[in-house]
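Numbering (the numbering used here), first residue to last: 95 to 314.
Take a look at the structure set out below.
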Amino acid sequence: MWATNGPQSLGMHLGVKLALRRPNGSHGEIDVVRPHQGSREIELLADRSSLMALLPMLLTFYPWVMQFRNYSSGLGGDSTATGDSSSTRVAADPDTHQDFQPTTKSSNMSFDDIVSQDIKENPVLIYMKGYPDAPRCGFSALAVRVLKQYDVPISARDILGDLKLKESVKAHTNWPTFPQIFIKGEFVGGSDIILDMHQKGQLKDVLGDIAQKREQNESS
């Protein structure tokens, strides 16, 4: 096994291990370049000169490897993923009420107070990844799609915009995943529970008076 600054640095940058092994009986020929299934190791059976010739090809793997790293580390699809709030903050939709712009800790209210006020003042509230018109995960999109069938006003906060708010919501409900849906001040659950209630006809009974009140307000 050789030590070489170029490939080693590349391997550290890609987040994979480069195992360099000289094949028995071969000199300067490449036997295989493959990622091992269930592992991040890329095994290169080559000599030094052949490996250096392969560097351009390895660089083409960079987007795939980075996508794999993000998925494995929980930044790409894990419902409990956390990250740097400065990198995940997104702008609010233009039509979003000012009370539901991305939360910043500029007022005297604590995040616990913000969560309590949200729940109290909004008949249908969802803490989600993204916004109703632009969800950023499949589970959040599913919850919004189900709720929209009942023509009720949906208030939402993007928990990716502020990780402290996200942790406050989790502490309030003792529920680890998102989205989290509240109806009439009560925590209902996530997208799976909402979907189950919809399929059983229970959600219509729960949301019926909210939809009726909205119709009355629009007609008056």
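The beta-carbon is built from N, C-alpha and C at its ideal position, and this holds for glycine as well.
Quick check: what's the CA-CA separation for residue i versus residue j?
| i | j | result |
| --- | --- | --- |
| Asp245 | Glu312 | 12 Å |
| Val282 | Asn268 | 12 Å |
| Leu297 | Leu241 | 9 Å |
| Asp299 | Gly224 | 27 Å |
| Ile304 | Pro226 | 18 Å |
| Gly232 | Asn202 | 34 Å |
| Gln306 | Lys294 | 21 Å |
| Pro196 | Arg308 | Any reading at Pro196 must be qualified, since the residue scores a pLDDT of 45, below 50, and its modelled position is unreliable; the value itself is stated next. Those two C-alpha atoms are separated by around 25 Å. |
| Gly302 | Glu261 | 31 Å |
| Pro273 | Asp290 | 15 Å |
| Gln243 | Asp207 | 30 Å |
| Asp256 | Val218 | 21 Å |
Between residue i and residue j, is the Cβ-Cβ spacing less than 8 Å?
| i | j | result |
| --- | --- | --- |
| Ile277 | Ala237 | no |
| Leu254 | Arg230 | yes |
Compute the beta-carbon to beta-carbon distance between residue i and residue j, rounded to the nearest angstrom, for a pair I have assumed lies under 8 Å.
| i | j | result |
| --- | --- | --- |
| His266 | Val209 | 5 Å |
| Lys264 | Phe205 | The pair is not a contact, with the Cβ atoms about 11 Å apart (cut-off 8 Å). |
Out of the options, which one is the CA nearest neighbour of residue i?
| i | options | result |
| --- | --- | --- |
| Gln211 | Ala228, Lys223 and Ala250 | Ala250 |
| Ser285 | Met222, Ile248 and Ala305 | Met222 |
| Ser234 | Gly302, Asn202 and Ile275 | Ile275 |
| Asn315 | Pro226, Asn202 and Ile248 | Outside the displayed span of the chain (95 to 314) sits residue 315, for which this structure offers no information. |
| Ile220 | Lys298, Thr271, Gln306 and Gln296 | Thr271 |
| Ala228 | Ser262, Glu280, Asp252 and Glu261 | Asp252 |
| Ile213 | Gly279, Pro273, Gly302 and Gln243 | Gly279 |
Just grab the DSSP bridge partners of residue i for me.
| i | result |
| --- | --- |
| Glu280 | Ile277 |
| Tyr221 | Arg251 and Gln274 |
| Pro229 | Gly224 |
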